[in-house]
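Only one structure is covered here, and it is reproduced in the block below.
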């Protein structure tokens, strides 16, 4: 029997989006449900809050701008905290003190991709932010996160100090927005079917199976 063609899965998300944090775990669980289906996963950038300045802003200022007040977010946060907990993840909104612009996070994920560590880098940054209240605007925090994932700390510090790949990442995020992606996470299967939102693992697994059957049926023709 010939080898199955892998299903390409582009995951458009942001490291400061709590549903992306939950959605990452759900797609991983989905992949575990279809171990026989070969896939190729790519992490694609998205700016949940492109208006946040490069140096970031206080969490208070951010929540007030986005939700009207810090209090208004508490009700929403409760639901997300519960959903994260159900996936075995920890979200501690009370620890988050600074809202970052995420271009540098996406640059690190892009550079980690060259070493096959994009998913690991993404997870580390999300854990720092949601679980530990880490300041992703702090270069030392970013460099340490990269080192935790086996990347060269000195090299990452030097590259972060430049504008390397800023235009590339901004272009990729703009391309997603131009394609009509406004809610994240969005999973794009085989570059033609998009599923928006942190869907349950079973549903994502079903989609992967269906797309794989279609991709391989076409390949067999």
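Numbering (my numbering), first residue to last: 1 to 221.
Don't be surprised by glycine CBs; every beta carbon is placed ideally from N, CA and C.
Here the structure is a predicted model, which means the values were calculated and not measured.
Taking DSSP as the reference, what is the three-state secondary structure of residue 178? Reduced to three states, the DSSP call for residue 178 is helix.
Below 8 Å on the Cβ atoms is my guess for residue 107 versus residue 31; work out the distance and round it to an integer in Å. In fact, because the Cβ distance is near 26 Å, the residues do not count as touching under 8 Å.
Count the other CB atoms within 10 Å of the CB of residue 11; is the residue buried (16 or more) or exposed (fewer)? So residue 11 ends up on the buried side.
Tell me whether residue 19 is buried or exposed, calling it buried when 16 or more other Cβ atoms sit within 10 Å of its Cβ. With 16 or more other Cβ atoms within 10 Å, it is buried.
Check for me: the beta strand (DSSP E) holding residue 194 runs from which residue to which? Looking at the DSSP string, the run of the beta strand (DSSP E) that includes residue 194 is 193-196.
Which listed residue (95, 179, 22, 150) has its alpha carbon closest to that of residue 84: Of 95, 179, 22, 150, the smallest CA-CA separation from residue 84 is found for 22.
How far does the beta strand (DSSP E) with residue 8 in it extend, from its first residue to its last? Residue 8 -> beta strand (DSSP E) spans 7-13.
Would you report the Cα separation of residue 1 and residue 220, rounded to the nearest angstrom? Confidence at residue 1 is low in this model, with a pLDDT of 46, below 50, so its placement is unreliable and the value that follows should be read with caution. Here the alpha carbon of residue 1 sits roughly 11 Å from the alpha carbon of residue 220.
Is it a yes or a no for the segment 64-71 touching the segment 188-199, going by three-plus beta-carbon pairs under 8 Å? Judged by Cβ distances under 8 Å, the segment 64-71 makes no contact with the segment 188-199, as fewer than three pairs qualify.
Euclidean distance between Cα positions of residue 99 and residue 82: If you take the alpha carbons of residue 99 and residue 82, they lie about 21 Å apart.
Between which two residues does the beta strand (DSSP E) carrying residue 44 extend? Element bounds for residue 44: 39-45.
Between which two residues does the alpha helix (DSSP H) harbouring residue 82 extend? Its alpha helix (DSSP H) spans residues 70-86.
Residue 60 and residue 8 closer than 8 Å at C-beta: Cβ distance not < 8 Å, so residue 60 and residue 8 don't count as in contact.
What residues are listed by DSSP as bridge partners for residue 186? Residue 186 is bridged to 12, 196.
Own chain, CB closer than 7 Å to residue 148, minus 5 neighbours either side, in chain order: Leaving aside the five residues that flank residue 148 on each side, the residues in its chain whose CB is nearer than 7 Å to its CB run, in chain order, 124.
Per DSSP, residue 57 is paired with what? By DSSP's assignment, residue 57 forms a beta bridge with 99.
Report the residue from 102, 96, 139, 167 whose alpha carbon sits nearest the alpha carbon of residue 122. Selected option, being the one with the closest Cα: 102.
Rounded to whole angstroms, how far is the Cβ of residue 110 from the Cβ of residue 169, which I believe are closer than 8 Å? Yes, residue 110 and residue 169 are in contact; Cβ-Cβ is about 6 Å, under 8 Å.
Classify residue 51: buried if its beta carbon has 16 or more other beta carbons within 10 angstroms, exposed otherwise. Around the beta carbon of residue 51, fewer than 16 other beta carbons sit within 10 angstroms, so the residue counts as exposed.
Counting C-beta neighbours from all protein chains within 10 Å, is the total for residue 213 16 or more, i.e. buried, or is it exposed? Residue 213 comes out exposed.
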